[in-house]
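What follows is one structure encoded as structure tokens, with my remarks underneath.
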Amino acid sequence: MRFDTVWADEIHIMQVRNQAMKVHLDELETSIGKITDSRKSASAFVELSRMDAEPAFQIGRPADEVRNLKTFTDELRIRLACVQPDNPLFFRTEDLQLFVGGLAMSQLHVFQGISGTGKTSLAKAFAKVVGGECQDIAVQAGWRDRSDLLGHYNTFERRFAEKECLQAMYRAATPSAKDRVNIVLLDEMNLSRPEQYFADFLSALEKEGDDRLIRLVETSPPNPPQQLRGGREIVVPENLWFIGTANQDETTNELADKTHDRAFVLELPRHEVRFEIGQQLRPKTFSFTSLDQAFKVAQDSARKQIDERMDIIGNSELTRVLADQFAIGWGNRFERQARKFLPVVEAAGGSIAQGLDHLLSTRVFRSGKVIGRYDTNAETLERVQRALLDVFATVADGARPERCLAAIEADLKRLERGA
């Protein structure tokens, strides 16, 4: 009898424990279900979705018109000098004329020069004085693909780790920023190879408008951000420029032709040229739309003139000697860039000769192309030099291509030394 009572008590205790465990399991199942449902309903792109939701990103801002590119460029020089009163930034007028032309030519810029020449400062200060945004990104050695720049999708957490570049791209297309200039600064961009981590961008920037897509995920997650195409791809905005600074030392990589040929390249001088600032200008936020329209007006008005000059260059002795001796041709990309770049440089207060000299010096008369080679000789370089001067006598009213000539002269001296 006593045994039966003990056994009954044990059974009762087990039943109570089982019931308690069942209640606990039910609660745990409910909690897991809520977490799962929450993850399904939450966006994988937390920061991008936040921009969609916050009113500050959805309200456009008034902006000032760019009515004249020369005035814009002349004022830009003054604005840059005044942006840091304790450390004025002085840039040459001709460099800023080329820079403005570069904005019209390519959304990828490369600033070269020794440390301290203002490469990083120019990018940041430009964004500030035109009322735009600049996202500073320190490129790291070892970057290999787009995920290093944009982020990656974590399948376990069902969340995309949105890096600063991706957020800057998305922000540039929001109503608050879509009519302003936006900059992504790739500081020391050649610590890794841009041809690897920036490859998708190099391809996208060759396309037009809404075709410039970069895929972020293979399958659209639940509740994707509003501006992602099909929930998977982001468009590279037209009001966004990538500006990379490049140093040349033992820690960096040489930029490949693929990057060089798609970019506007500007080498800043070692010594700044100071000038009297005079009266300070009223701060402005310039409209991207009006800046882009000013570019198009300049390009359209000079289209016939530029086409005629490009035809002359294409049929010149310079073209023949470059093809015969160096296997170098102009190509569609070069001609397309020239048609965008040269008219804007001229409209900004420069000249066609100045713009053409810059374009040729950064595309053709650079190390590994025409100069700095070990399979050429002085006679060939002198032939190129004569052909170059003949071209400029025709298409640039006799102006001298100083940058190109300086590169050729330096290479002739190298050959004389037997280097």
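Under the UniProt record's numbering, the sequence shown has 271 at position 271, and the numbering climbs by one with no breaks.
Virtual Cβ for every residue (Gly too), placed ideally from N, Cα, C.
Residue-level contact to chain C via CB, residue i, 9 Å cutoff
i    : result
A378 : Although the question refers to chain C, the structure presented lacks it and comprises just one protein chain.
Residue i - containing alpha helix (DSSP H), residue span
i    : result
I408 : 402-417
L202 : 199-204
I312 : 303-314
L149 : 147-150
E317 : 317-326
A123 : 119-129
K258 : 257-260
Secondary structure of residue i, DSSP reduced to three states
i    : result
F275 : coil
S367 : strand
E10  : helix
G101 : helix
R373 : coil
F334 : helix
S38  : Low local confidence applies: a pLDDT of 49 at S38 is under 50, so the model's placement there is unreliable, with the coordinate-based value given in what follows. Three-state result, S38: helix.
I234 : strand
E188 : coil
N18  : helix
N87  : coil
P221 : coil
I114 : coil
G398 : coil
R92  : coil
G349 : coil
G329 : coil
E254 : coil
R193 : coil
I59  : coil
E208 : coil
P175 : coil
R77  : helix
L281 : coil
Q354 : helix
Q167 : helix
S361 : helix
D300 : helix
D249 : coil
R339 : helix
One or two residues paired with residue i in a DSSP bridge
i    : result
I183 : C134, W241
Y153 : F160
R229 : E233
H109 : I243, F264
F286 : D64
Beta-carbon proximity check, residue i vs residue j, cutoff 9 Å
i    : j    : result
L98  : L89  : no
Q299 : P343 : yes
N223 : A53  : no
A393 : E317 : no
F160 : F201 : no
T120 : T251 : no
I214 : R146 : yes
V130 : R180 : yes
L266 : G102 : yes
N253 : S192 : yes
D225 : M51  : Sequence check: residue 225 is Pro here, not Asp. Taking 9 Å as the Cβ cut-off, P225 and M51 qualify as a contacting pair.
L166 : L48  : yes
F126 : I183 : yes
A406 : A353 : no
K70  : A348 : yes
A168 : Q135 : yes
F341 : V110 : no
T331 : A323 : Reading off the sequence, residue 331 comes out as Gly, not Thr. Contact flag unset, no.
P194 : L255 : yes
Residue i: first and last residue of the uninterrupted beta strand (DSSP E) it sits in
i    : result
V66  : Element bounds for V66: n/a, residue is neither H nor E.
V395 : First-last for V395: 378-395, but that is the alpha helix (DSSP H), not the beta strand (DSSP E).
L213 : 213-215
A53  : No beta strand (DSSP E) contains A53, which is instead part of the alpha helix (DSSP H) from 46-53.
V139 : That residue, V139, is in no beta strand (DSSP E); it is neither H nor E in DSSP.
8 Å contact criterion, which residue i and residue j should meet: CB distance rounded
i    : j    : result
A123 : L185 : 5 Å
M189 : V236 : The Cβ separation is near 17 Å, so there is no contact.
N239 : F288 : 4 Å
S290 : V66  : 5 Å
R309 : V395 : 4 Å
F365 : I306 : With a Cβ gap of about 20 Å, F365 and I306 do not count as contacting.
D64  : K284 : 4 Å
Residue i CB to nearest heavy atom of the ligand GDP below 8 Å
i    : result
T245 : This structure lacks the ligand GDP, and indeed carries no ligand of any kind.
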